[in-house]
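Right, one structure below, let's go through it.
In this note's numbering, the protein residues as written are 3 to 463.
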């Protein structure tokens with residue numbers, strides 16, 4: 003836009019005497035509210051589960067004991083010591099593998115009587131045997147679990163754990179009374195280990211991702227300063243979570259955000275938005291954002307004046323110095339421009355032009371750019387030559403702006419913001435595959451440029 007105004011003024015001012023036309027009256031018809039379509043951003047998330055695995059391992063007992071006492075038949079007592087739990091992701095499930103050692107003490111009574119004691123007494127001396135005790139190395143055993151995990155709408159993990167296998171590597175066979183203790187041990191240890199399923203689910207259920215989600219949500223929702231470009235506002239409204247998957251010590255998922263992003267030249271009044279519950283979001287890969295760049299005319303005027311104030315041009319040996327450029331509104335979709343200049347001559351000019359945008363070529367032009375009627379009246383008295391076809395054609399040609407190089411600059415700026423560390427341990431990575439202008443909408447107090455951007459994002463935690 004600034005180049006458009008620069009060239010227009012170059013052709014107009016230098017051949018005029020002091021010009022002070024009357025200020026035009028802005029007559030605005032009712033302009034319907036501009037409805038911005040919602041945008042969806044799908045962010046693949048990679049979460050390192052190692053800290054959670056360590057907490058789960060610490061919370062589960064490392065020693066298990068059990069016994070069964072019978073007067074007649076086999077009685078036993080066992081001890082099971084586990085090693086650290088090995089966690090591994092496998093598709094939709096987590097697998098827990100535990101190596102351990104056990105010892106078993108057994109006694110056998112072939113026949114009991116309750117003649118002298120209601121609890122019973124063995125009629126012959128009991129036979130005693132053991133595995134992995136009394137100086138003998140403990141026997142080895144391997145245990146495996148499978149856990150299916152989901153995420154609730156309140157950002158908590160919900161799991162269902164089942165014992166996958168119990169593998170006794172060193173069987174315990176008592177030959178003295180022909181007894182296979184391994185079967186009994188496996189049965190009893192399985193009972194004890196099945197209780198661990200509840201412990202595992204309980205510990206996983208304690209994992210609450212909401213505090214971290216709230217931190218990230220707060221960061222996403224806050225306006226981001228882009229320097230001279232203004233402030234980027236995501237305006238998030240919904241959040242979804244899908245495709246939870248596990249591989250080794252990592253969990254991956256897709257976080258979907260529904261946004262109505264804007265870029266404003268003035269800092270907006272930020273009101274914290276509460277983190278919503280997880281919900282279903284219609285999603286595609288990557289992001290497809292419709293961004294409304296909203297600029298007040300005061301801010302736009304200040305920006306243009308700061309860029310062009312003091313610049314000089316020479317036309318037919320006359321010097322023109324730009325002083326102020328003011329965009330003071332839109333009248334029926336036409337931008338109203340006021341240009342102040344000094345140099346060989348001083349004065350102001352008022353122009354009107356309807357921005358025309360071609361989506362296919364990404365070119366903005368002002369085919370009807372012309373002087374305001376009161377400026378025309380002032381010019382007719384001192385510079386009739388400005389109304390020649392040659393000048394009119396030059397004005398229209400100079401008012402054409404190819405957006406491609408500007409959009410490349412915007413793309414580079416956005417990509418810089420997409421590749422950053424949001425907070426300690428949280429990294430954002432992204433790139434833009436396409437950026438294009440979709441429309442330009444002048445209103446009474448603001449000018450809105452609608453830009454569409456597609457690309458990919460990834461969040462690593």
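Beta carbons: idealized from backbone N, C-alpha and C, even for Gly.
Remember, predicted model here, so these are calculated numbers, not experimental data.
Just to confirm the assignment, what range does the alpha helix (DSSP H) spanning residue 46 have? Not the alpha helix (DSSP H): residue 46 falls in the beta strand (DSSP E), residues 41-50.
Simplified DSSP assignment, three categories, for residue 414: helix
Where DSSP assigns a beta bridge to residue 133, which residues make up the other side? 106
With a Cβ-Cβ cutoff of 7 Å, do residue 171 and residue 140 count as a contact? no
Output the distance between the C-alpha atoms of residue 145 and residue 80, rounded to the nearest integer angstrom. 16 Å
Give me the Cβ distance between residue 277 and residue 296, rounded to the nearest whole Å; I'm assuming they're in contact under 8 Å. Not a contact, Cβ separation roughly 26 Å.
Length of the line joining the Cα atoms of residue 87 and residue 100: 5 Å
Could you tell me the boundaries of the beta strand (DSSP E) in which residue 213 lies? Looking at the DSSP string, residue 213 is not in any beta strand (DSSP E); the run it does join, the alpha helix (DSSP H), is 212-223.
Distance between residue 349 and residue 321 (C-alpha atoms, nearest Å): 13 Å
Near residue 201, which residues of its chain fall below 6 Å by C-beta distance, leaving aside the five closest residues on each side in sequence? 62
With distance defined between alpha-carbon atoms, name the residue in 372, 232, 156 and 128 nearest to residue 214. 156
From 405, 453, 328 and 336, residue whose alpha carbon lies closest to that of residue 366: 405
By Cβ distance, which residues of its chain are closer than 8 Å to residue 435, with the 5 residues on each side in sequence left out? 288, 456, 457 and 458
Between the beta-carbon of residue 148 and the beta-carbon of residue 164, is there less than 7 Å? yes
Please return the same chain residues whose Cβ sits closer than 8 Å to the Cβ of residue 126, not counting the five positions on each side in sequence. 111, 112 and 113
Residue nearest to residue 446 in terms of C-alpha spacing, selected from 440, 377, 347 and 298: 298
CB contact flag (residue 437, residue 359, <7 Å): no
How do the segment 369-385 and the segment 54-61 stand: do at least 3 beta-carbon pairs fall below 8 Å, yes or no? no
According to DSSP, simplified to helix, strand and coil, what is residue 419? helix
What are the uninterrupted segments assigned as alpha helix (DSSP H) that are 4 or more residues long and contained completely in the segment 51-114, given in chain order? 52-61
Taking 7 Å as the cut-off, decide whether the C-beta atoms of residue 241 and residue 259 are in contact. yes
Proximity test, Cβ basis, 7 Å: residue 152 and chain D: Among the chains of the structure shown, chain D does not appear; only one protein chain is present.
Among 180, 433 and 96, which one has its Cα closest to the Cα of residue 152? 96
Considering only heavy atoms of the ligand ZN, does any lie closer than 6 Å to the CB of residue 282? With respect to the ligand ZN, the structure offers nothing, as it holds no ligand at all.
Under the rule that 16 or more other beta-carbon atoms within 10 Å means buried, what is residue 279, buried or exposed? exposed
Beta bridge counterpart(s) of residue 260 as assigned by DSSP: 42 and 240
At which residues does the beta strand (DSSP E) containing residue 160 begin and terminate? 159-170
Just to confirm, are residue 238 and residue 223 a CB contact at a threshold of 7 Å? yes
Could you compute how far the alpha carbon of residue 495 sits from the alpha carbon of residue 106? This structure does not reach residue 495, given that the chain is present from 3 up to 463, and the question cannot be answered.
Once you ignore the five residues that flank residue 269 on each side, which residues in its own chain have a CB closer than 7 Å to its CB? 225 and 233
For residue 376 and residue 341, I'd like the C-alpha separation in whole angstroms. 14 Å
Leaving out five residues before and five after residue 290 in sequence, what residues of the same chain have Cβ atoms less than 7 Å from its Cβ? 41, 42 and 456
Thinking residue 68 and residue 247 are a contact (beta carbons under 8 Å), I'd like their distance in whole angstroms, please. The Cβ separation is near 37 Å, so there is no contact.
Helix, strand or coil: how does DSSP classify residue 145 here? strand
Using 10 angstroms around the beta-carbon of residue 272, count the other beta-carbons present and answer buried if the total reaches 16, otherwise exposed. exposed
So what does DSSP say about residue 184, is it helix, strand or coil? helix
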